[in-house]
Amino acid sequence: MRSPDRLWDRGGPEEARPVAQGRRSASFLSSEGLFAWLMISPGLVLMVGLGTLPLVFLVSLSFFRINLTNPAGNRWTGLGNYIRLLADGQFWNSMQVTAIYTISGVALQIVIGMALALFLFRVFPGHKLLRTLIILPVILAPIVVGMLWRTLLLTPRFGALDYISYSVGLGSHEWLTNSRLALLSIIVIHVWQWTPFAFLVFLASLHALPVEPLEAARLDCRSWWQELWYVILPLMAPAIVIVAILRTIAALNAFAAIYAATEGGPGTATQILNLYIHNTAFVGLSIGYGSALGTVQLLITVVVALLFFRFRMRMA
Amino acid sequence: MKRKRIDRPSRRKFLGASAAGIGVAMTSGLPSIWRGRSQAYAAAPAAKVVDPELAEFEKAGIDWKQASGEQITVMVIPSLFFRVAQEFSPQFTKLTGVQVTWQVIPPVQMREKHVLDLSTKTGQFATVSTDPTYYPLFATNNWVEELKPYLDNPALTNKEWLDLKDIFPIWLEAASYNGKLYGLPYDGEATLLLYRSDLYGAKNIAVPQTFDDLLEAARRLHDPANNFFGGNFGYHIRLINMYIWPSIFRAYGGEWFDKAGNPTVNSKQSIDATSYYVEFLTKYGPPGVANWNWPESLDAFVTGRLAQTFIGSATVPVAANPAKSQVVGKFGVGRWPKGPAGKRVTSVWNWSFPINKAISPKAKKATWLWIQWMASKPMQIQTSYGYKGKEESRSGVNRVSMWDDERYRKTVAFAPGFADTVLTSIREDTDIDWRPRIPEWPELANILGLQLHRALAKQATPKEALDEANVKIAELMKR
Chain W
34 MRSPDRLWDR
44 GGPEEARPVA
54 QGRRSASFLS
64 SEGLFAWLMI
74 SPGLVLMVGL
84 GTLPLVFLVS
94 LSFFRINLTN
104 PAGNRWTGLG
114 NYIRLLADGQ
124 FWNSMQVTAI
134 YTISGVALQI
144 VIGMALALFL
154 FRVFPGHKLL
164 RTLIILPVIL
174 APIVVGMLWR
184 TLLLTPRFGA
194 LDYISYSVGL
204 GSHEWLTNSR
214 LALLSIIVIH
224 VWQWTPFAFL
234 VFLASLHALP
244 VEPLEAARLD
254 CRSWWQELWY
264 VILPLMAPAI
274 VIVAILRTIA
284 ALNAFAAIYA
294 ATEGGPGTAT
304 QILNLYIHNT
314 AFVGLSIGYG
324 SALGTVQLLI
334 TVVVALLFFR
344 FRMRMA
Chain S
19 MKRKRIDRPS
29 RRKFLGASAA
39 GIGVAMTSGL
49 PSIWRGRSQA
59 YAAAPAAKVV
69 DPELAEFEKA
79 GIDWKQASGE
89 QITVMVIPSL
99 FFRVAQEFSP
109 QFTKLTGVQV
119 TWQVIPPVQM
129 REKHVLDLST
139 KTGQFATVST
149 DPTYYPLFAT
159 NNWVEELKPY
169 LDNPALTNKE
179 WLDLKDIFPI
189 WLEAASYNGK
199 LYGLPYDGEA
209 TLLLYRSDLY
219 GAKNIAVPQT
229 FDDLLEAARR
239 LHDPANNFFG
249 GNFGYHIRLI
259 NMYIWPSIFR
269 AYGGEWFDKA
279 GNPTVNSKQS
289 IDATSYYVEF
299 LTKYGPPGVA
309 NWNWPESLDA
319 FVTGRLAQTF
329 IGSATVPVAA
339 NPAKSQVVGK
349 FGVGRWPKGP
359 AGKRVTSVWN
369 WSFPINKAIS
379 PKAKKATWLW
389 IQWMASKPMQ
399 IQTSYGYKGK
409 EESRSGVNRV
419 SMWDDERYRK
429 TVAFAPGFAD
439 TVLTSIREDT
449 DIDWRPRIPE
459 WPELANILGL
469 QLHRALAKQA
479 TPKEALDEAN
489 VKIAELMKR
């Protein structure tokens with residue numbers, strides 16, 4: 034009897050299946066299973082080699098004291114690096130910065146992206162041009178975005194945005210070097226670059242919504258807000274969750290734009306966990322401790338992604 | 019089956035081929051064989067024809083072709099002095115038969131790649147432009163070759179021709195660790211005060227001789243309402259601040275460690291030095307200065323927004339270039355002011371080249387030839403006062419004799435007394451302990467640089483920041 038999970042087993046006529054030609058032998062070597070494995074093996078090897086093995090290596094390094102500035106002291110340290118990070122003020126600071134950056138950044142992207150999608154869902158003169166302009170930031174490299182904001186937009190007195198702020202009487206500010214403003218500034222930079230992604234997903238999702246409930250809502254709802262709240266947003270929920278998942282993972286792994294804009298400063302004001310890992314491992318050359326920090330980062334990303342997926346499954 | 023047809027040469031083909039054969043023979047080897055036979059009894063063999071471009075290098079008398087066919091990759095920072103050197107790369111290939119691939123990467127990223135390459139022993143880079151503070155790390159880990167065997171091997175080096183005694187001794191010392199030499203310097207600099215001489219003159223301000231003078235000059239020239247600022251120290255962004263702060267720290271009498279080896283970066287001298295640094299920048303620095311590196315500082319100076327700054331002497335040509343600067347003829351250079359400890363302290367800075375231990379023996383030979391070529395006097399001349407290309411002239415040559423040579427001094431007359439100021443700074447103000455010469459420096463700098471940045475951003479007082487740095491450095495040294 035055929036195994037139900039065979040590659041071509043979609044319940045079609047027996048004679049139409051390619052497997053019919055290979056019935057001469059029941060051995061694994063001539064089976065569909067082998068063929069399937071052969072087909073996926075190049076991708077699998079690449080995925081394991083370039084994705085899984087480095088992660089396993091990362092986790093294994095985290096149990097060692099490895100410091101390139103003093104290799105003579107390298108040794109097995111068990112959970113030593115993890116115990117060290119519990120008492121590391123910079124680690125907790127970077128966790129806090131990462132949380133603020135991620136939560137506020139993703140929430141703003143969803144809200145602004147949805148507002149833009151609803152606005153540009155309508156057809157009016159110039160809507161195509163406006164859509165194109167809105168998605169431009171997303172095609173820039175994050176390092177370019179960081180440099181752009183640092184030099185041309187936020188430089189006190191000379192950057193375009195600071196100049197506008199100064200000109201309208203709001204004063205000139207040290208956007209990237211003031212401890213309180215710097216975090217706000219990098220969140221704004223992140224939102225500016227990645228809201229277009231949310232906008233695109235939401236716009237596509239709006240176009241794919243069934244027409245009947247929307248027409249019914251238009252008759253039944255008293256206001257546009259009710260229509261939005263009771264009909265459109267529930268229908269859009271899967272898209273919102275997908276955007277939230279993808280953008281949260283991306284925000285947790287942000288690096289280049291912040292590095293270019295502030296390098297994590299002033300002090301540690303914008304040092305998210307990723308930057309702290311970079312500084313520890315590649316500037317301070319503490320590979321073991323940096324690996325422990327990297328493992329924590331990995332765990333956080335996996336847990337957050339799993340929670341989101343579980344939420345999505347429950348919704349489905 | 020068809021028989022294979024054998025083509026018989028026609029008369030025309032035969033005559034043509036014969037004529038061509040004789041022609042080739044005449045224009046190539048045969049006549050010289052005949053001439054050689056007829057001149058077999060001449061007194062001496064014909065002199066080797068030397069390419070004029072290579073003549074100065076051939077004087078070394080070594081076999082420059084001994085690593086011919088080898089390919090090496092070198093990594094350098096983006097800078098005028100390496101751009102000029104890169105223009106001469108085909109000359110090196112012509113001289114040695116060694117192909118050189120250049121990778122140009124900003125310093126912070128370059129150091130990261132370099133350390134990764136050395137520590138993983140991948141041998142990706144045969145040599146990398148290295149600053150002095152990395153030699154203890156490289157030597158301790160046995161990642162780079164000691165150069166003495168190369169220098170002592172007459173097949174590889176003509177010591178007289180290379181003339182190491184003509185290279186600034188302190189630069190060679192900085193490229194050494196525990197008395198062993200690991201790198202040869204190509205270019206270097208002293209950190210100088212760059213000031214607006216026209217404004218100093220207008221307000222009758224003398225060139226600052228002490229830190230108090232410097233603060234006073236900044237106070238008198240500071241005019242933020244007109245976007246003009248009293249000054250800065252050039253390099254302030256996190257980690258890069260460790261290029262400038264050590265000069266203030268040492269001029270205040272700060273010591274890195276006590277006699278027992280305990281860190282002392284939170285000493286009274288250190289706190290005073292940091293307080294001065296923070297006060298100066300907070301009161302008279304441009305807004306956002308904590309995020310500035312030398313390009314921003316130089317840009318502000320050459321566009322007339324900054325009264326004074328500190329800058330590596332190799333960068334001064336930009337301020338004297340009318341295409342890039344609005345202050346040509348309006349600026350001067352000075353030595354670091356004296357600190358409360360009564361001494362001036364400038365950076366020990368040069369870019370030197372070590373040999374990666376992980377590469378093959380032949381590649382090591384090729385690399386040594388390249389390093390020798392870069393450090394040699396003919397190369398230093400052709401990239402400075404002998405240079406006829408499109409870039410500015412170099413201002414950081416490694417040869418003491420060139421700094422005394424009028425031809426060189428003329429090309430580096432960027433400001434009155436430039437050559438003398440650099441020379442005096444290197445000779446008198448350079449402090450070999452400007453930074454501690456220990457393998458742990460990268461991590462120590464990471465810790466201290468961060469805490470200084472916190473102090474500048476007012477996230478901590480100088481004392482709090484330095485106390486925290488001291489605790490962490492103590493932990494580091496124990497590990």
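Sequence lines, in order, name chains W and S.
Residue numbering for the first sequence follows this note's numbering, starting at 34 and increasing by one per position.
Residue numbering for the second sequence follows this note's numbering, starting at 19 and increasing by one per position.
We treat Cβ as the ideally placed atom computed from N, Cα and C, and that holds for glycine.
From the options, residue whose alpha carbon lies closest to that of residue i
{"i": "S/Ile289", "options": "S/Val489, S/Leu484, S/Leu217", "result": "S/Leu484"}
{"i": "S/Leu462", "options": "S/Ser107, S/Thr282, S/Trp421", "result": "S/Thr282"}
{"i": "S/Val146", "options": "S/Glu164, S/Leu165, S/Ile123", "result": "S/Ile123"}
{"i": "S/Ala189", "options": "S/Pro305, S/Phe267, S/Tyr153, S/Arg412", "result": "Residue identity check: residue 189 of chain S is Trp in the sequence provided, not Ala. S/Trp189 has its Cα closest to that of S/Tyr153, out of S/Pro305, S/Phe267, S/Tyr153, S/Arg412."}
{"i": "W/Leu239", "options": "W/Val221, W/Leu261, W/Ile220, W/Ser218", "result": "W/Leu261"}
{"i": "W/Phe191", "options": "S/Ser107, S/Ala318, S/Glu409", "result": "S/Ala318"}
{"i": "S/Trp365", "options": "S/Lys131, S/Leu72, S/Leu441, S/His240", "result": "Looking at the sequence shown, residue 365 of chain S is not Trp but Ser. Measuring from the Cα of S/Ser365, the nearest candidate turns out to be S/Leu441."}
{"i": "W/Ile222", "options": "W/Leu185, W/Ala120, W/Val335", "result": "W/Leu185"}
{"i": "S/Gly201", "options": "S/Ser411, S/Glu164, S/Leu72, S/Phe99", "result": "S/Glu164"}
Cβ-Cβ separation, residue j to residue i (assumed contact under 8 angstroms), whole Å
{"i": "S/Phe298", "j": "S/Leu210", "result": "That pair is no contact at about 17 angstroms."}
{"i": "W/Val224", "j": "W/Ile145", "result": "7 angstroms"}
{"i": "S/Thr401", "j": "S/Val94", "result": "The pair is not a contact, with the Cβ atoms about 13 angstroms apart (cut-off 8 angstroms)."}
{"i": "W/Phe230", "j": "W/Val171", "result": "5 angstroms"}
{"i": "S/Ala478", "j": "S/Val296", "result": "Not really, about 10 angstroms apart at Cβ, beyond 8 angstroms."}
{"i": "S/Pro434", "j": "S/Gly352", "result": "Wrong, their Cβ atoms sit about 11 angstroms apart, outside the cutoff."}
{"i": "S/Phe247", "j": "S/Pro304", "result": "4 angstroms"}
{"i": "S/Asn245", "j": "S/Leu324", "result": "Their Cβ separation, rounded to whole angstroms, is 10 angstroms, which puts S/Asn245 and S/Leu324 out of contact at 8 angstroms."}
{"i": "W/Phe341", "j": "W/Val274", "result": "7 angstroms"}
Chain W residues whose Cβ lies nearer than 9 angstroms to that of residue i
{"i": "S/Gln477", "result": "Ser212, Pro299, Gly300, Thr301, Ala302"}
{"i": "S/Leu468", "result": "Gln123, Gly297, Gly298, Gly300, Thr301, Gln304, Asn312"}
Chain W within 8 angstroms of residue i, Cβ atoms only
{"i": "S/Ala220", "result": "no"}
{"i": "S/Asn368", "result": "no"}
{"i": "S/Arg497", "result": "yes"}
{"i": "S/Pro124", "result": "no"}
{"i": "S/Asn245", "result": "yes"}
{"i": "S/Leu316", "result": "no"}
{"i": "S/Ser443", "result": "no"}
{"i": "S/Leu239", "result": "no"}
{"i": "S/Leu324", "result": "no"}
7 angstroms Cβ cut-off: residues of chain W touching residue i
{"i": "S/His471", "result": "Gly298, Pro299, Gly300"}
{"i": "S/Val133", "result": "Leu101, Leu318"}
{"i": "S/Pro457", "result": "Thr102, Asn103"}
{"i": "S/Leu169", "result": "Neighbours of S/Leu169 on chain W: none; closest Cβ ~27 angstroms, over 7 angstroms."}
Test item: CB-CB of residue i and residue j under 8 angstroms
{"i": "W/Thr131", "j": "W/Ile265", "result": "no"}
{"i": "S/Ala308", "j": "W/Ala302", "result": "no"}
{"i": "S/Gly252", "j": "S/Ser315", "result": "yes"}
{"i": "W/Ser324", "j": "W/Ser95", "result": "yes"}
{"i": "S/Glu458", "j": "W/Thr102", "result": "yes"}
{"i": "W/Ala293", "j": "W/Arg183", "result": "yes"}
{"i": "S/Leu180", "j": "S/Ser394", "result": "yes"}
{"i": "S/Ile465", "j": "S/Ala487", "result": "yes"}
{"i": "S/Pro396", "j": "S/Phe75", "result": "yes"}
{"i": "S/Arg453", "j": "S/Thr151", "result": "yes"}
{"i": "W/Arg280", "j": "W/Val89", "result": "no"}
{"i": "S/Tyr403", "j": "S/Tyr426", "result": "yes"}
{"i": "W/Phe152", "j": "W/Gly321", "result": "no"}
Within chain W, partners of residue i - CB distance below 8 angstroms
{"i": "S/Ile255", "result": "Glu296, Gly298"}
{"i": "S/Asn159", "result": "Leu101, Pro104"}
Minimum Cβ-Cβ distance from residue i to chain S less than 8 angstroms
{"i": "W/Arg280", "result": "no"}
{"i": "W/Asn312", "result": "yes"}
{"i": "W/Gly66", "result": "no"}
{"i": "W/Gly106", "result": "yes"}
{"i": "W/Ser205", "result": "yes"}
Proximal chain S residues relative to residue i, where beta-carbon distance stays under 7 angstroms
{"i": "W/Gly16", "result": "In the structure as shown, chain W starts at 34 and stops at 349, and residue 16 of chain W therefore has no counterpart that could be examined."}
{"i": "W/Leu209", "result": "Gly306, Asn309"}
Residues that residue i contacts on chain S, provided the C-beta gap is smaller than 8 angstroms
{"i": "W/Thr188", "result": "Gly306"}
{"i": "W/Ser200", "result": "Under the 8 angstroms cutoff, chain S gives no residues; its nearest Cβ is about 14 angstroms from W/Ser200."}
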